[in-house]
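Below: the structure, in structure tokens.
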Amino acid sequence: MSEWAHYRGNLVSGFSGRGGQATCPYFPQADPYGSSAGSGIGTAIGLTPAALGTETDGSIVLPSSRNNLVGIKPTVGRTSRAGVIPASVHQDTVGPMARSVADAAAILTIISGRDPLDNFTFAQPPVVPDFSKALKPNGLKGVRLGVPRLFQGSDQNVIAAFNASIEIIKGLGATVVDPAEFPDAEEFLASNNETIVVNTDLKVGIKNYISGLLKVPTGVADLADLIAFNIAHADEELIPPFYSDQSQFIESEKTTVDAAYFAALAADKDLGQTRGIDGTLRKFNLDAILLPCEGTSFARVAAAIAGYPIVTVPLGFQPDNVTATAANPVIENAPGLPFGLAFMGTAFTEFKLITYAFAYEQATHTRLKRLAFPAAIPKTQLKDVIGN
Numbered sequence: 049m050s051e052w053a054h055y056r057g058n059l060v061s062g063f064s065g066r067g068g069q070a071t072c073p074y075f076p077q078a079d080p081y082g083s084s085a086g087s088g089i090g091t092a093i094g095l096t097p098a099a100l101g102t103e104t105d106g107s108i109v110l111p112s113s114r115n116n117l118v119g120i121k122p123t124v125g126r127t128s129r130a131g132v133i134p135a136s137v138h139q140d141t142v143g144p145m146a147r148s149v150a151d152a153a154a155i156l157t158i159i160s161g162r163d164p165l166d167n168f169t170f171a172q173p174p175v176v177p178d179f180s181k182a183l184k185p186n187g188l189k190g191v192r193l194g195v196p197r198l199f200q201g202s203d204q205n206v207i208a209a210f211n212a213s214i215e216i217i218k219g220l221g222a223t224v225v226d227p228a229e230f231p232d233a234e235e236f237l238a239s240n241n242e243t244i245v246v247n248t249d250l251k252v253g254i255k256n257y258i259s260g261l262l263k264v265p266t267g268v269a270d271l272a273d274l275i276a277f278n279i280a281h282a283d284e285e286l287i288p289p290f291y292s293d294q295s296q297f298i299e300s301e302k303t304t305v306d307a308a309y310f311a312a313l314a315a316d317k318d319l320g321q322t323r324g325i326d327g328t329l330r331k332f333n334l335d336a337i338l339l340p341c342e343g344t345s346f347a348r349v350a351a352a353i354a355g356y357p358i359v360t361v362p363l364g365f366q367p368d369n370v371t372a373t374a375a376n377p378v379i380e381n382a383p384g385l386p387f388g389l390a391f392m393g394t395a396f397t398e399f400k401l402i403t404y405a406f407a408y409e410q411a412t413h414t415r416l417k418r419l420a421f422p423a424a425i426p427k428t429q430l431k432d433v434i435g436n
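So for the sequence shown, the working numbering puts the first residue at 49; every next one is plus one.
Here is the structure:
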């Protein structure tokens, strides 16, 4: 897993001082994406049938996409964050990562609902849907989806596969509005408000989290202590040349909950919700928004600052003629690396998004078209280790 939800500094996804560097099972030494890298890797190769991830910005949907999985990033407030190490109280959410939409939907039903330990969960409707009832093979018939091309990313192989998926979706009975740009797209792409919000929330959240622990053997009480702890244990935590950075911790420690913070929070709500996802859905009369889900796409960012849901399903794989990039320390692009397709909507529309994702999944079965590389596939069964 990525240490501290990948918010310590400029580090590679999948690194932690305890576990070292995790990698993607679809190409040796490849970036697994994160921060829920371990959840993605373990589920992809069958160490577990499914797993939970947490997302502030991309940490469920990106490792799900890179590891050929279905990922559901729920609306903030759909699932409880009680006990979760926080990055941002305004953006954090817990969701399932699985090898099928059906498995992910079943898990989301179980983990959803109101919790007195997380007041954000009381924003959701009182009755939790049975998300398994959203699994309809004809679920895209009559649906209107929009494609904000300015947010699609820059990977041409991904865009080609995405364009092909649009034709499949049309063939399943959906109307696709293309392009359907966000009214605030240029302002959104230039905004730095999310950085202000998350850095401030991180400092407050870590202190609150640690204060709720029964025991803290290290004596760490807040973010400043945590920065000092890493310096004192640099041989395990600040390992050059790739793992020595904790610049985001340091920037976060400088923050205060002030007028600039509240202004950034309000701006994010406006950009992400009012003039962002909600504005786009209204302008084009859409049921949901459709985008590729991979490293250069902005799908995750819009949903992150809005606090809105995404469901991602396998879309395709990098072609075999792609040249693998150098490992610094992981490989960013290589033959066979998976990427995903994201369905994004307004608050608490997970049921609809699951319906759309399931219909696409059943029409394509993309996940089954490529296996992990042989050395990454476990050969030992649990019964051989622990007996009957």
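Cβ coordinates follow ideal geometry from the N, Cα and C atoms, glycine included.
Top-ranked residue by Cα proximity to residue i, from the options
| i | options | result |
| --- | --- | --- |
| residue 360 | 121, 102 and 99 | 121 |
| residue 167 | 149, 141 and 366 | 141 |
| residue 15 | 335, 182, 382 and 250 | No answer is possible for residue 15: it lies beyond the span of the chain, which begins at 49 and ends at 436. |
| residue 376 | 51, 321, 69 and 282 | 69 |
| residue 350 | 87, 231 and 407 | 231 |
| residue 321 | 197, 356 and 298 | 356 |
| residue 281 | 134, 57 and 65 | 65 |
| residue 144 | 265, 119, 127 and 135 | 119 |
| residue 100 | 138, 77 and 158 | 158 |
| residue 112 | 123, 97 and 92 | 92 |
| residue 323 | 138, 415, 263 and 233 | 233 |
| residue 304 | 386, 53 and 248 | 248 |
| residue 408 | 61, 58, 191 and 103 | 191 |
| residue 415 | 124, 239, 306 and 146 | 146 |
| residue 220 | 406, 430 and 343 | 406 |
| residue 318 | 354, 332 and 341 | 354 |
| residue 410 | 149, 110, 343 and 51 | 149 |
| residue 174 | 160, 223, 67 and 183 | 160 |
| residue 252 | 182, 267, 235 and 272 | 272 |
| residue 240 | 312, 413 and 128 | 312 |
Reduced DSSP secondary structure (H/G/I, E/B, other) of residue i
| i | result |
| --- | --- |
| residue 330 | helix |
| residue 396 | coil |
| residue 361 | strand |
| residue 191 | coil |
| residue 64 | strand |
| residue 206 | helix |
| residue 355 | coil |
| residue 391 | strand |
| residue 335 | coil |
| residue 318 | helix |
| residue 78 | strand |
| residue 379 | strand |
| residue 200 | coil |
| residue 371 | coil |
| residue 410 | helix |
| residue 403 | helix |
| residue 163 | strand |
| residue 225 | strand |
| residue 177 | coil |
| residue 426 | coil |
Nearest-angstrom beta carbon gap, residue j and residue i [assumed within contact, 8 angstroms]
| i | j | result |
| --- | --- | --- |
| residue 352 | residue 151 | The pair is not a contact, with the Cβ atoms about 24 angstroms apart (cut-off 8 angstroms). |
| residue 362 | residue 388 | 6 angstroms |
| residue 163 | residue 212 | With 8 angstroms as the limit, residue 163 and residue 212 do not qualify as a contact, their Cβ atoms being about 41 angstroms apart. |
| residue 201 | residue 83 | The pair is not a contact, with the Cβ atoms about 20 angstroms apart (cut-off 8 angstroms). |
| residue 55 | residue 296 | 5 angstroms |
| residue 95 | residue 426 | 6 angstroms |
| residue 309 | residue 244 | 6 angstroms |
| residue 246 | residue 154 | Contact flag wrong, Cβ pair sits at about 31 angstroms. |
| residue 287 | residue 269 | Not really, about 25 angstroms apart at Cβ, beyond 8 angstroms. |
| residue 385 | residue 78 | 6 angstroms |
| residue 242 | residue 306 | Actually they are not in contact, since the Cβ atoms of residue 242 and residue 306 sit about 17 angstroms apart, beyond 8 angstroms. |
| residue 60 | residue 370 | That pair is no contact at about 20 angstroms. |
| residue 107 | residue 53 | 6 angstroms |
Within-8 angstroms CB hit, residue i to chain D
| i | result |
| --- | --- |
| residue 324 | Absent from the structure: chain D. Only one protein chain is present. |
Hey, which unbroken runs of the alpha helix (DSSP H) at 4 residues or more fall wholly within the segment 255–311?
-> The DSSP assignment places complete alpha helix (DSSP H) segments of no fewer than 4 residues inside the segment 255–311 at 271–280, 282–285 and 295–301, in order along the chain.
Alpha helix (DSSP H) segments (min. 4 residues) lying fully within the segment 81–157 = With a minimum length of 4 residues, the continuous alpha helix (DSSP H) runs that stay inside the segment 81–157 are 85–92 and 109–114.
Three or more C-beta pairs below 8 angstroms linking the segment 374–394 and the segment 325–343 = Yes, the segment 374–394 touches the segment 325–343.
Indicate whether the contact test is met: 3 or more Cβ pairs, each with one atom in the segment 219–229 and one in the segment 290–300, closer than 8 angstroms.
-> Contact between the segment 219–229 and the segment 290–300 is absent, with fewer than three C-beta pairs closer than 8 angstroms.
Quick one: any contact between the segment 277–284 and the segment 206–220, if contact means 3 or more CB pairs under 8 angstroms?
-> Between the segment 277–284 and the segment 206–220 there are fewer than three C-beta pairs closer than 8 angstroms, too few to call the two in contact.
The segment 393–411 in contact with the segment 186–200 per 3-pair CB rule at 8 angstroms = In short, these stretches touch, since the Cβ pair count reaches three.
Meets three-Cβ-pair contact criterion under 8 angstroms: the segment 82–89 and the segment 58–72 = These segments touch.
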